[in-house]
Every structure is written in C-alpha cells, then in structure tokens.
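To keep things clear, I will list the structure first and then write my remarks on it.
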Amino acid sequence: MTQGRIQSKKNLLRKRIVDEDVCEECNQESESAGHIVLHCPFAKRFWQAIGFQVPADLDVHELHLIVRPTNIPKTEFSSFVVLCCWQLWKRRNALVFRQEAIPLSRILRQCSEEAKNWSYRHGSKEAGVQAAWVLVFSTASM
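What follows is the structure, encoded as structure tokens:
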C-alpha cells in the first residue's frame, strides 16, 4: 500500500484500466490508497470512532506517524494500524465489486473478530494486547 501498488482507481486510471478515479463511497475525491484508508469520509468516521486523530495532510506513506491513542498498547501498534487498513480495504472492495456498503458497526465487529483471530495465532504471548484491541473496537463511539 505504501509503495503505490495498491489497485486504487487512481492507479487503475493511470494504467488506463478505468475511465475515472472518483471514490465510489464519497463520489467527491480521487480514490488513492490514502483516500481509501485515511481521508474518505467513511475512513475518517472509522478512525474517529476508535479514538484516532488523523491529520488531514497525513499521507499513506506516513502511517507510522499516526499518534497512538493511550487506550491502545504500544506493543504491536503497527499491526493494529495494518489490521484497520486491511478492513477498510476489504470494505472498499465490497462496495466496488458487490455494491455492498458495509456499515461502520459491522466493520468494527470485523476488526474485533480479526483481532481475536490474531490472538489465536500468536497464543498467550500477546493476549493482553489483543484483548485491548478487541475492547477498542467493541467500545468505539459511533
């Protein structure tokens, strides 16, 4: 995603695969990777719901600069951000390919489930971290 290889409409337009690059969610902006996971109105609502303040000028190449909310453990924080971006990307694909606009509440549940799956894969070593992640998603303000 940070290397510009994600098949966003902006990249597909550049390759002449699509005729326009407008985001199907907001119908306002060019659909770049940064727009999908950071700046689309839906993405903004997602990040706000889980307590993040994403600067308007943050680029997808700067995901490592996102300020960690105090309720999210420092351990594996980058994995938490990737989990969130992955769910936003999957939501975008559901909208583009199945015309399914998945609501924020469902995305948060999917993030929580993915966090649980992550903890099963990593065993008890990081159980507290994943428990905190699940709590973040389950107590998100919508």
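Under the UniProt record's numbering, the letters of the sequence shown match residues 1 to 142, in that order. Built from N, CA and C at the ideal position, the CB exists for glycine as well. All of these numbers come straight from a predicted model, not from anything done at the bench.
Asked                                                                                                                                                          : Found
Out of curiosity, what's the CA-to-CA distance linking K10 and T139?                                                                                           : 34 Å
Just to confirm, is the Cβ distance from V129 to P73 under 8 Å?                                                                                                : yes
Could you tell me how far apart the beta carbons of A49 and L95 are, in whole angstroms, since I believe they sit closer than 8 Å?                             : Not really, about 18 Å apart at Cβ, beyond 8 Å.
Below 8 Å, how does it come out for the region 75–84 and the region 45–64: are there three or more Cβ pairs, yes or no?                                        : yes
If you draw a straight line from the C-alpha of D59 to the C-alpha of E31, how long is it?                                                                     : 13 Å
Can you find the residues in the same chain that come closer than 8 Å, C-beta to C-beta, to V18, ignoring five residues on each side of it along the sequence? : K9, L12
Out of R16, W47, C26, G34, which one is the CA nearest neighbour of F137?                                                                                      : W47
Between which two residues does the alpha helix (DSSP H) harbouring P41 extend?                                                                                : 41–49
Tell me, to the nearest whole angstrom, how far the beta carbon of L88 is from that of A43; I am working on the premise that it is less than 8 Å.              : 6 Å
Please return the same chain residues whose Cβ sits closer than 8 Å to the Cβ of E76, not counting the five positions on each side in sequence.                : E126, V129
With burial defined as no fewer than 16 other Cβ atoms inside 10 Å of the residue's Cβ, what is the status of H39: buried or exposed?                          : buried
When you compare the CB of V60 with every CB in chain C, is at least one pair closer than 8 Å?                                                                 : The displayed structure is made up of one protein chain only, and chain C is not part of it.
Is DSSP giving V67 helix, strand or coil here?                                                                                                                 : coil
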